[in-house]
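Worksheet: the structure to be examined is printed underneath.
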Amino acid sequence: MLRVSIILFYFCLLTFNLEKALPELPEVETIKNDLEKVILNKKITAVIIHRSSVVKEPSLKKFKSLLLDSKFRKIIRRGKLLAFEIITAQKEIYFLSVHLRMTGQLVYGSDDPKSRVSFKLSNGFYLCYNDQRTLGELRLVKDIQALNVVKNMGPEPLSKDFRVNDFIKYISMRKAKIKPLLLDQKFVAGIGNIYAAEALFISKIDPARNACDLNEQEAKLLFKNIKSILKKAIKCRGSSFSDYRDGHGNKGTFSNNFYVYGRKGQACLVCKDFIQRIKLGGRGTYFCPGCQK
DNA sequence: CGGGGCTCCTGTGCGC
DNA sequence: TGCGCACAGGAGCCCC
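Next comes the structure, spelled out in structure tokens:
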């Protein structure tokens, strides 16, 4: 009987937790912090490309030849984008930008047979780019600021560029629904489906409300909660719902703290109402109808 | 501006 | 049992 219950329990976990977790700001920040400790000043001794479509620019040949014998100097994160500053064998500075999109992973360790691109390092270890759905993008560019994604990106939510008065003002000017607006990287950088849902829950705001209909107190609260939830998630080394892994291939623990994300049909941890899942802007959106008004 | 739909991709789940 | 379709989603694109 006990064994049957245990099997049923895991079966339920498997069936209900199908939603994918995407690498958002806290996950990308965790990868950056992990990799900084192990790859800086290491030289790339081989570039192995198993899936050429993930390399967007320049040509494969140039991508390989520039990276070969380059050294990692620095890692930068902007929103969900990671950029590795490298110095080539010809002493030129380039940036290897990596967008993980849905299922991308950057893992340091031994070579992974299912990697899409592997970089062999001078110490014999590998930096592997894994990506089941291959929607991620690698680019090698001279000027990272010139990339359209970077040029168009909104403020970093954990930096001083993210100001409460600006946030209140811009929110009051937008008619779009607040949840899809939070996902817009031009509005604020680094927030994805998980943290948008969770920040709105803590702020008790209905994700379907028009941004301009939030009052000043609500906008202020949301601003504060965006910052606090991202900081908390970084402390937990990110959320691993399914695909996300840190720089060493390990899971993060923030998913244990979810109030609404992936909890459709389950009781709200605050008011016991049932968590609902609706579509907003084409994206699955979780919320508690009891708590969020 | 806002919103809808399509595209990229692959594993999974469901209907017939 | 098995085939084929729908779905999941970040982000760019097009269109109304």
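Counting from 537, one number per residue, gives the positions in the first sequence under our numbering. Ideal Cβ placement from N, Cα and C applies to all residues, glycine included.
Contact annotation: isoleucine 714 and alanine 735 have beta-carbon atoms that are not nearer than 7 Å. The DSSP-derived three-state label of threonine 581 is strand. The Cβ atoms of arginine 781 and glutamine 641 sit closer than 7 Å to each other. Judged by DSSP secondary structure, alanine 733 falls within the alpha helix (DSSP H) whose first and last residues are 729-738.
Listed in chain order, the non-local C-beta contacts of lysine 592 below 6 Å within the same chain comprise Glu673, Arg675, local neighbours out to five positions each way being set aside.
Excluding residues up to 5 positions away in sequence, Ile580, Thr581, Ala582, Val583, Ala625 lie with their Cβ nearer than 8 Å to the Cβ of leucine 604 in the same chain.
One Cα belongs to glutamine 802, the other to proline 825, and the distance between them is close to 12 Å. Taking the Cα positions, valine 590 is about 42 Å away from cysteine 827.
In the three-state reduction of the DSSP assignment, leucine 805 falls in the coil class. Taking a cut-off of 8 Å for Cβ pairs, the region 682-695 and the region 710-727 touch, as three or more such pairs fall below it.
For isoleucine 814, same chain residues with a beta-carbon under 6 Å away, outside a window of 5 residues either side, are Thr821 in chain order. Assignment of cysteine 772 by DSSP, reduced to helix, strand and coil, places it in the coil class. Counting C-beta pairs closer than 8 Å gives three or more between the region 761-776 and the region 558-570, which meets the contact rule. Here valine 574 carries a helix assignment [DSSP, helix/strand/coil].
Note: leucine 618 is bridge-paired with Arg613, Val634 in the DSSP secondary-structure output.
Per DSSP, the continuous beta strand (DSSP E) segment holding valine 643 begins and ends at 640-645.
In terms of CA proximity to arginine 819, Asn729 leads the group His784, Asn729, Asn793, Thr789.
Valine 685 has its alpha-carbon roughly 25 Å from the corresponding atom of proline 743. Secondary structure at glutamine 681: helix, using DSSP grouped into helix, strand and coil. With a threshold of 16 other beta carbon atoms within 10 Å, leucine 617 meets it and is buried. In the DSSP assignment, leucine 719 falls within the unbroken alpha helix (DSSP H) covering 714-719.
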